[in-house]
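The sequence shown stops at residue 749 when you use this note's numbering, and every number in between is there.
Even for Gly, the Cβ is constructed at its ideal location relative to N, Cα and C.
Being a predicted model, the structure only gives us computed values, none of them experimental.
Worksheet for the structure shown next.
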Amino acid sequence: QALLCGVIVMRPEDPLIFLEEKIKEIMEKELDADLWYMCIDPSLRTNLKRIAETYLSALFGLEDEQLMTTELCTKAFDFYSRNLKKFYFRGWLKYHLQRKNKRKNTDQKMALAEFHYKLQKIRVIIEKWNSWAQINKEKNTLATRRLQQIFNKITLNAALKAWRTEACSSLKTKAYFESLIKKGQEGSFVSSESLSFQSVKCKGSHLPEEALLQIFRYVNLVDLARCAQVSQAWKLLTQNSSIWSDINFSSVKHKVQDKIVVNILRRWRPYVIRLNLRGCHSLHWPSFKSISECKNLQDLNLSECQGLNDDSMRLISEGCPSLLYLNLSYTDITNGTLRLLSRSFPNLQYLSLAHCRKFTDKGLQYLGSGRGCHKLIYLDLSGCIQVSVDGFRNIANGCSRIQNLLINDMPTLTDRCIQALAEKCEQIMSVVFLDSPHLSDTTFRALAECKLIKVSIEGNNRITDLSFKLMSKCCPYIRHIHMADCQKITDAGLKMIAPLKYILILNLADCIRIGDGGIKPFVEGSSGATLRELNLTNCVRVTDASVTEIAQRCHNLTYLNLRYCENVTDAGIEALGNMSSLISIDISGTSISDMGLGALGCSGKIKELSISECQNISDTGIQKFCQDTKHLEYCHVSYCPQLTDEAVKALAFHCHRLTSISIAGCPKMTDLCVGYLAAACRYLHFLDISGCVRLTDKALKYLWKGCKQLHVLKMLYCRNITKQAVLKYTAKLEQREHNDGDPPPWLGYDRNGNI
């Protein structure tokens, strides 16, 4: 057809040659498309429609029978059938999809209707139940009110009856006690022990007299005066001479005046053996005069008494010849007082002159002159920086029996001072040199002849492993080693003291060169099984291997400090959970998580726990630990910002014996956590809530109602606690700290508690 169309349009002179050339071109190029156009010159091409078959028959002269062949009909029928099937199939598919979508929409509407029906049904049920519950609640309230009225009436009748009976019995002894009071006012010393306790014994008390007396010995003076007002029986007990043999004014130092001291000592002076006036700043000559009248006084503590001077000590020295223990630390005594000590107290055994800066080496010479304090076995010269080598030589000449020596906070202390002292004081058993940076191994060479039992040195960069070597050779019975912040102590030194058999306390805090290479050999040594206290604070080289070895070897260990040991993880802490002897542990700043803390509580005997700055511990870990620990008394979880009220809830309701808690730096804590503590922890003495920015005045109200024994409360950076509430609810506390400023940046969160 294409060739014929080309012949018609082009009209060649020789049609056969034209057809032959086009057929060859088709065969060479293998073209099967656009045949219509390749046989016609481009200039003659037009957009013509395809010629129908009827035109072909007219052009070529074909009849209808030749055009309608069987093959063409079959192909036409097949083509028509396929198109028809496609048309009907598409129609059926469209109909089916419409039915499916309609059924799906119907199901959704039915489900929605069913849900709405159930919701309406539940709402009706709840409304009916609510009305029933309200009616039932009103009935219960009315019944409770009636029962309470009946109970109050019965209780009142019983109380009135008991009061009448007690009043009748007290009339019989009223005259006796009036006469007793009159005799006391006249100044006669009536021994309370001669009075009959059984004649006035409280009918409500089932405790024997000895037990009640033992309880009253733990009560301070203010509470003892209150106890005396409870009943005649208690008043009689508070007048027992055994209670007044040991008087402690230090517990009420801010309330003590000369009049109180004079009245008490004047009445009980024959029985006073121990007297503590530490920190009583308001005492003057009348009080010291009363002290001089206590002829049997043996133990006197005048530390921090600002009114004490040489004249006061002269007064005391004239009337207290039996004095054995004397504490004059932080006072203004001079050489005159030291001369009095040597004359008036020949039996003095314990003397503290700590931080007394007004005496000199000459005064120390007086201690050994004349009768002297030759029996002195305990001497505290902490902070006396004016004492030189000559002063220590004077002490050695006059007080050669010294066994316990304390020289803390003395940067002027040198090896020559200790050498001068150790030349004649060969009985020294305990030395404490805290914050004495100029001492070296020479000090231990000088003390080599002394059979040391206790050694305490802190903040020294000159002590080396040689000192440990000298201890292992010359101090076989040493029990207490405190070598904190000594940077030159290494694992080699620990290996040297491993053979010692009697070490009970070992403190290596801040010795950063100590690691597994020293701890493991020491624990495996002779003292491992007897060790009771171990402090490895900030020993960053200690790992789980050492902790596991400690758990396996130290069966008597009661105290363990692993603070800031960053390489200690759950693996080591889980081993400690099997130690039945461990009661105090500090793992602050370690990598412990909830799993390790839960395993630590398995022993159930932990009393003191510190997990401050442990970022991997959450409420879950605290809850697991508390489930098995019922004896916890001290718990510090400071600076754990991930903890919430749930942690404190677990502590409060599982550990009722808590006395000290710190949740400082926990911004998620709210008033609810303080409510838990106030409801369950009745023995709480210390609480630190600093940095808990969400606490309000309501928290203080909880504490005021529930924690009657609270002594110390810290509330720094609590911006929602007002000063008015602090003054109202914490006025009776011994110590309180509060400010309403924003938390400092080092806490890691803003004023709203956001990290």
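Legend entry - Start-to-end residues for the alpha helix (DSSP H) that takes in M589: D588 to L594
I2 burial status per 10 Å Cβ neighbour count (16 or more: buried): exposed
Cβ neighbour criterion (16 or more within 10 Å) applied to E568: buried
L494 and S466 - do their beta-carbons sit closer together than 8 Å?
yes
*Leaving out five residues on either side along the sequence, give the residues of the same chain with a beta carbon under 8 Å from the beta carbon of N555.*
A503, L528, N529, L530, T531, I579 and D580
Query - Sequence-distant residues of its chain with Cβ nearer than 6 Å to R410 (five each side left out) - result: V383
**Prompt:** Of the choices G685, L645 and T653, whose alpha-carbon is the least far from that of C667?
**Reply:** L645
Under the three-state DSSP convention, the category A478 falls into: strand
Best match in R526, S521 and G512 for proximity to S540 [C-alpha to C-alpha]
G512
**Request:** Given a cut-off of 8 Å, decide if H432 and P470 are closer than it, judged by their beta-carbon atoms.
**Result:** no
Please classify P315 as buried or exposed, where buried requires at least 16 other C-beta atoms within 10 Å of its C-beta.
exposed
Among V213, N454, K283 and A492, which has the Cα closest to the Cα of C505?
N454
*asked:* Across the region 235 to 242 and the region 255 to 269, are there enough close Cβ pairs to call them in contact, namely three or more that are closer than 8 Å?
replied: yes
Rounded to a whole number of angstroms, what is the C-alpha to C-alpha distance between Q793 and L441? Outside the displayed span of the chain (-5 to 749) sits residue 793, for which this structure offers no information.
Under 8 Å, do R547 and E518 count as touching if we go by C-beta distance?
yes
*Indicate the three-state DSSP secondary structure (helix, strand or coil) for M404 in the structure shown.*
coil
* In this structure, does DSSP put H278 in helix, strand or coil? -> coil
Q) In its own chain, which residues sit with a C-beta less than 7 Å from the C-beta of C419, not counting the 5 before and 5 after it? A) A390, S394 and I396
query: What are the complete beta strand (DSSP E) segments, minimum 3 residues, inside the region 340 to 427?
result: 344 to 346, 372 to 374 and 398 to 400
(Q) Considering just the uninterrupted stretch of the beta strand (DSSP E) at V706, what are its terminal residues? (A) V706 to M709
### Query
What residues match up with I579 in a beta bridge as DSSP calls it?
L554 and L603
| Which of helix, strand or coil does DSSP assign to G669? | helix
Just the Cα atoms here: how many angstroms apart are Y558 and I499? 20 Å
Item to complete: Return the Cβ separation of I508 and R526 in integer angstroms, given the expectation that the two are a contact with Cβ distance under 8 Å.
Response: That pair is no contact at about 19 Å.
- Close-in-space but distant-in-sequence residues of the same chain around K356 (CB under 7 Å, 5 per side omitted): N329
### Message
Please report whether the beta-carbon of I447 lies at a distance below 8 Å from any beta-carbon of chain D.
### Response
Of the protein chains in this structure there is only one, and it is not chain D.
Euclidean distance between Cα positions of G178 and Y319:
Bear in mind that a pLDDT of 42 at G178, under 50, signals an unreliable position, so the number given afterwards is only what the model happens to contain. Their Cα atoms are separated by approximately 31 Å.
Exercise for review: Determine the extent of the beta strand (DSSP E) in which I457 is found, giving its start and end residues.
Suggested key: Careful: I457 lies outside any beta strand (DSSP E) and carries neither H nor E.
Check your understanding: According to DSSP, is I2 helix, strand or coil?
Key -> helix
Have a look at Y360 and I457 and give me their C-alpha separation to the nearest angstrom.
33 Å
*Using three-state DSSP, classify N95 as helix, strand or coil.*
helix
Buried versus exposed, by CB contacts within 10 Å (16 or more), G742
exposed
What beta strand (DSSP E) runs, 3 residues minimum, are completely inside the region 705 to 740?
706 to 709 and 729 to 732
Skipping 5 residues on each side, what residues in its chain have a beta carbon closer than 6 Å to that of A416?
A440 and L441
If you drop the 5 nearest sequence neighbours on each side, which residues of the same chain put their C-beta closer than 8 Å to that of K514?
A539, S540 and E543
So, at 7 Å on beta carbons, what are the nonlocal neighbours of T232 in its own chain, with the 5 sequence-adjacent residues on each side left out? F210, L218, C221 and A222
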